[in-house]
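Structure, as structure tokens:
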Amino acid sequence: MVVAANRIFFKDPLTKNKLISLFLSMISIYLLVGFKFENINIIGVILALASGFTHSISIFSMNNSTLKNLNNLVSVFYISIFAGIAIFTATAATGNIALPINPYTVTSLIGIALISNIASILLLMMAIKIIGPSPSAILGTFEPIVSIIMGIILFKEAFTFSVFLGTVLILASVVILSKEKPEEELQIEILKEGNEKVIEQ
């Protein structure tokens, strides 16, 4: 979604490396997650698509020129504050507020907040500033590999051939994308080619 929207709305160059990386990452996700098309829950599919759509919006927002010039820590602070207010309001309105009842739960929630939310958002913003939204979104498919490795180590989950093949494809997409030039350089090259054609005419 991020790659398509970036191409449609921001005229981002859709290079061969990006297309190959995107194709490989999509196949790898299918292999890693192990989708089964029997008894598909339509509501679940709609929610997953909505999640991808809203995530792509957040990535584009982070690529906004105003946010780019803002300190990453300041951006994460405001994102966390407004997210907390929104979630508290929603849970209060539905009567689903549940306070942690023991130190273990509190510690787990703090760890999730720091690592899974604040750290991940901060690192994503840094990546978007350096390599742009499309490569950042494609490289985000590396997430299932980490989850699977942790599952194998902590929960003794099986390491199947499909998991191995999916991991290899994601690593291949990362290698291919790493050879991609930064978006700013690509745009400069496109402008130069356009100017050269105009001069020749």
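Residue numbers are given in numbering that gives the first Met the number 0: position 134 of the sequence shown equals residue 133, and the series is strictly consecutive.
Think of the CB as a built atom: it goes at the ideal place given N, C-alpha and C, for glycine as much as any other residue.
In this structure S161 is not in contact with L72, their Cβ atoms being roughly 40 Å apart against a cut-off of 8 Å. For L69, the three-state secondary structure derived from DSSP is coil. For T14, no alpha helix (DSSP H) encloses it, and the DSSP letter there is neither H nor E. In this structure, the beta-carbon distance from I28 to S135 does not fall below 8 Å.
A direct Cα-Cα distance of roughly 26 Å separates L69 from F87. Of the residues assessed, S146 falls on the exposed side of the cut-off, its CB having fewer than 16 other CB atoms within 10 angstroms. Going by beta carbons, L176 and N16 fall inside the 8 Å limit. At a Cβ-Cβ threshold of 8 Å, I151 and F158 count as neighbours.
Here the alpha carbon of S24 sits roughly 9 Å from the alpha carbon of F141. In this chain, G131 is not harboured by any alpha helix (DSSP H), its DSSP state being neither H nor E.
Residue state for G43 is assigned as helix, using DSSP reduced to three classes.
Secondary structure note for G110: its alpha helix (DSSP H) is the uninterrupted segment P102 to G110. The C-beta distance from V32 to P143 rounds to 7 Å, short enough to meet the 8 Å contact threshold. Burial of S20 is indicated by the presence of at least 16 other C-beta atoms within 10 angstroms of its C-beta.
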